[in-house]
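Residue numbers (the UniProt record's numbering): 1 to 140. Cβ coordinates follow ideal geometry from the N, Cα and C atoms, glycine included. Okay, structure first, notes after.
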């Protein structure tokens with residue numbers, strides 16, 4: 001059964017494909033995605049899950065725009081968040097981030113102001129995009 005209305009895929013333009021691959025690859029693969037495309041101008045990971053899957057692609061940006069800096073509070077995407085099965089999952093992602101030298105914005109913590117049992121780690125890609133892995137049972 002297809003999850004009508006769920007996201008199918010997200011593509012992000014990045015200034016340095018190799019640097020971004022080093023951030024997204026380990027995190028997505030830990031979360032169950034598998035790389036299905038790895039080419040000089042872009043790569044993609046798919047999460048195949050019986051009609052509820054998703055894909056995330058990275059595309060090399062226009063070379064003339066490589067110096068553009070992501071501004072989280074400007075119009076456009078603020079951040080991306082992925083689900084975790086448990087707090088232990090969030091903690092494991094945090095260890096993976098540390099092991100790979102990925103910039104951590106906020107280490108794992110409980111954020112009841114977002115939702116009752118909201119537990120998340122926040123980190124950043126090379127272009128300054130805020131990313132999150134969250135365990136929030138009962139929300140969505």
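Contact under 8 Å by Cβ, residue i with residue j
{"i": "residue 28", "j": "residue 45", "result": "yes"}
{"i": "residue 12", "j": "residue 58", "result": "yes"}
{"i": "residue 112", "j": "residue 118", "result": "yes"}
{"i": "residue 70", "j": "residue 5", "result": "no"}
{"i": "residue 37", "j": "residue 79", "result": "no"}
{"i": "residue 121", "j": "residue 106", "result": "yes"}
{"i": "residue 88", "j": "residue 60", "result": "no"}
Residue range of the beta strand (DSSP E) that includes residue i
{"i": "residue 131", "result": "130-135"}
Coarse secondary structure for residue i, derived from DSSP in three states
{"i": "residue 57", "result": "strand"}
Residue i versus the options, residue with shortest Cα-Cα distance
{"i": "residue 9", "options": "34, 55, 132, 74", "result": "55"}
{"i": "residue 139", "options": "84, 98, 93, 41", "result": "84"}
{"i": "residue 114", "options": "124, 137, 21", "result": "137"}
Threshold first: 4 residues or longer. Then list the alpha helix (DSSP H) segments lying entirely within the UniProt domain "VOC" (6-136), N to C.
17-30, 87-99
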